[in-house]
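Notes for the one structure printed next.
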Ligand SMILES: Nc1ncnc2c1ncn2[C@@H]1O[C@H](COP(=O)(O)OP(=O)(O)OP(=O)(O)O)[C@@H](O)[C@H]1O
Ligand SMILES: [Mg+2]
């Protein structure tokens with residue numbers, strides 16, 4: 081029998097459906113995973129083995145095959161663990177495959193059966209809501225998932241708790257959405273003495289969303305005034321807050337599911353690499369320019385940045401998006417920023 085559990089692959093701010101299929105056939109005992117999995121996904125086999133042993137079950141002495149479909153879509157990250165475990169338990173007849181089909185499943189497993197947080201849960205929840213299903217996720221991220229609105233969120237601490245919930249023995253409480261933090265205030269423009277022209281330029285840039293370049297002698301207050309910029313920008317509206325949170329969710333920095341109304345303010349150091357600034361690298365994570373989406377990207381000591389790094393910012397600043405091309409996938413992140421830059 082083949083058990084199928086739905087999960088997602090993250091491509092930028094998009095969550096694509098991935099099916100985890102598991103079947104058990106007679107043969108030499110083995111546990112194989114196929115379907116273009118990266119190292120973290122391949123290691124998931126050992127975590128699943130450990131977690132299933134931790135709840136007191138033995139793997140069946142058969143050939144276990146786990147396939148991730150579509151097989152040509154690269155799978156990255158550790159959030160597939162839980163889907164693999166549930167597909168395996170479905171194939172073993174421990175959980176009802178019918179029940180599982182109503183959920184999208186994300187979460188990393190510990191060897192003791194604990195379900196640990198992994199980035200991107202908000203995106204998975206929005207995807208589940210779009211496709212009319214519920215979401216099974218780590219307990220620590222229930223508040224984040226609940227932001228997706230009208231969907232059933234099952235946020236479990238560990239595998240045993242989740243199995244009890246799915247069987248209907250001991251139901252888990254539905255999580256409530258996290259708090260919305262009011263806009264935080266940094267330094268205030270009132271602190272800045274004089275510099276009337278520079279202040280006016282700052283206000284015009286804030287109102288019109290323009291880029292800004294400060295040039296001046298050391299100690300003139302350039303860094304101070306740039307830090308005042310978030311304070312005169314309007315707070316994020318509800319839709320913008322969700323958009324910023326989606327970027328933070330894939331970056332794994334959305335603590336406690338708390339959405340914030342504060343506009344992002346990112347000030348990468350001038351030694352930052354191109355991958356750190358525009359995104360990409362071994363694991364595709366949003367770069368500083370995407371983390372500053374709908375907020376401010378502040379490049380202090382502009383001439384000290386590597387030339388290639390500054391050039392790589394041209395396309396994002398012009399189009400408002402970053403496209404990272406990988407060997408087998410294109411990933412796009414939003415990057416609409418109002419950068420304040422400065423040189424002296
Ligand atoms: N116009 C001003 N009003 C109030 N404080 C100021 C003003 N100008 C400078 N300062 C203070 O002087 C110190 C140095 O300012 P800041 O670091 O902003 O200068 P800077 O122009 O960025 O210098 P550098 O070019 O060396 O980076 C800060 O502590 C800042 O608070
Ligand atoms: Mg400075």
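Numbering (my numbering), first residue to last: 81 to 424.
Glycine included, C-beta positions come from ideal geometry on N, C-alpha and C.
**OP:** Label residue 172 either buried or exposed according to how many other C-beta atoms from any shown protein chain fall within 10 Å of its C-beta, with 16 as the threshold for buried.
**Re:** What you label residue 172 is simply residue 92 of the chain shown in a count that begins at 1. It counts as buried.
Original post:
Helix or strand or just coil, what does DSSP make of residue 86?
Top reply: Here residue 86 corresponds to residue number 6 of the chain shown, with the count starting at 1. Of the three classes helix, strand and coil, the one that applies to residue 86 here is strand, per DSSP.
Subject >> Contact test: residue 299 Cβ vs ligand 1 heavy atom, cutoff 7 angstroms >> reply: The residue you call residue 299 lines up with position 219 of the chain shown. Yes - ligand 1 has a heavy atom lying nearer than 7 angstroms to the Cβ of residue 299.
**OP:** Tell me whether residue 119 is buried or exposed, calling it buried when 16 or more other Cβ atoms sit within 10 Å of its Cβ.
**Re:** Within the chain shown, numbered from 1, the residue matching residue 119 stands at position 39. That one is exposed.
**OP:** Report yes if the C-beta of residue 303 is less than 7 angstroms from at least one heavy atom of ligand 2; otherwise report no.
**Re:** Taking the first residue of the chain shown as 1, we reach residue 303 at position 223. True, at least one ligand heavy atom lies under 7 angstroms from that Cβ.
Original post:
Quick one: Cα of residue 348 to Cα of residue 167, how far?
Top reply: Along the chain shown, one-based indexing puts residue 348 at 268. Along the chain shown, one-based indexing puts residue 167 at 87. Straight-line Cα distance between these residues: approximately 42 angstroms.
Original post:
Between the C-alpha atoms of residue 113 and residue 320, what's the straight-line distance to the nearest angstrom?
Top reply: Position 33 of the chain shown holds residue 113. Position 240 of the chain shown holds residue 320. If you take the alpha carbons of residue 113 and residue 320, they lie about 39 angstroms apart.
Subject >> residue 391 CB to nearest heavy atom of ligand 2 below 7 angstroms >> reply: Sequence index remark: in the chain shown, residue 391 carries index 311 (1-based). Because no heavy atom of ligand 2 lies under 7 angstroms away, the Cβ of residue 391 does not count as near it: no.
Original post:
Measuring CA to CA, which of 206, 226, 203 is closest to residue 253?
Top reply: If you number the chain shown from 1, residue 253 lands on position 173. Checking every option, the nearest Cα to that of residue 253 belongs to 226.
Subject >> Enclosing alpha helix (DSSP H) for residue 127 [first to last residue] >> reply: The sequence position of residue 127 within the chain shown is 47, counting from 1. Looking at the DSSP string, the run of the alpha helix (DSSP H) that includes residue 127 is 119 to 134.
**OP:** Express the C-alpha separation of residue 195 and residue 239 in angstroms, rounding to a whole number.
**Re:** Residue numbering aside, residue 239 sits at position 159 when the chain shown is read from its first letter. Residue numbering aside, residue 195 sits at position 115 when the chain shown is read from its first letter. Cα to Cα, residue 239 sits roughly 7 angstroms from residue 195.
**OP:** Determine the direct distance from the alpha carbon of residue 396 to that of residue 117, and round the result to whole angstroms.
**Re:** Residue 117 sits at position 37 when you count from the first residue of the chain shown. Residue 396 sits at position 316 when you count from the first residue of the chain shown. Each residue's Cα considered, the two are about 29 angstroms apart.
Subject >> Within 8 angstroms, strictly: CB atoms of residue 111 and residue 129 >> reply: One-based indexing of the chain shown puts residue 111 at position 31. One-based indexing of the chain shown puts residue 129 at position 49. Yes; because the gap between Cβ atoms is below 8 angstroms, this pair is in contact.
Original post:
Do the CB positions of residue 102 and residue 89 come within less than 8 angstroms of each other?
Top reply: Against the chain shown, residue 102 aligns to sequence position 22. Against the chain shown, residue 89 aligns to sequence position 9. No, these two residues do not count as a Cβ contact at 8 angstroms.
**OP:** Classify residue 245 as helix, strand or coil using the three-state DSSP reduction.
**Re:** Looking up residue 245 in the chain shown gives position 165. It is helical.
Original post:
Residue range of the alpha helix (DSSP H) that residue 277 falls in?
Top reply: Against the chain shown, residue 277 aligns to sequence position 197. Per DSSP, residue 277 belongs to the alpha helix (DSSP H) from 276 to 288.
Subject >> Contacting residues, own chain, Cβ-Cβ under 7 angstroms from residue 324 (five flanking each side not counted) >> reply: Taking the chain shown and counting its residues from 1, the one referred to as residue 324 is at position 244. The answer, listed in chain order, is 316, 344, 373, 374.
Original post:
Taking the beta strand (DSSP E) that residue 401 falls in, what are its first and last residues?
Top reply: For this step, residue 401 is matched to residue 321 along the chain shown. Unbroken beta strand (DSSP E) run through residue 401: 401 to 405.
Original post:
If you scan the stretch 123 to 196 from start to end, which runs of the alpha helix (DSSP H) of 4 or more residues do you find wholly inside it?
Top reply: 161 to 171, 177 to 180
**OP:** Would you give the residue range spanned by the alpha helix (DSSP H) that residue 265 belongs to?
**Re:** If you number the chain shown from 1, residue 265 lands on position 185. No alpha helix (DSSP H) contains residue 265, which DSSP labels as neither H nor E.
Original post:
At what residues does the alpha helix (DSSP H) containing residue 214 begin and finish?
Top reply: Your numbering for residue 214 matches position 134 in the chain shown. Careful: residue 214 lies outside any alpha helix (DSSP H), inside the beta strand (DSSP E) at 214 to 218.
**OP:** Can you grab the Cα-Cα spacing for the pair residue 270 / residue 368, in whole Å?
**Re:** In the chain shown, counting from the first residue as 1, residue 270 sits at position 190. In the chain shown, counting from the first residue as 1, residue 368 sits at position 288. For residue 270 and residue 368, the distance between alpha carbons rounds to 28 angstroms.
Original post:
For residue 193 versus residue 131, is the C-beta spacing smaller than 8 angstroms?
Top reply: On the chain shown, residue 193 is found 113 positions in, with the first residue counted as 1. On the chain shown, residue 131 is found 51 positions in, with the first residue counted as 1. It is a contact, given that the beta carbons lie within the stated cut-off.
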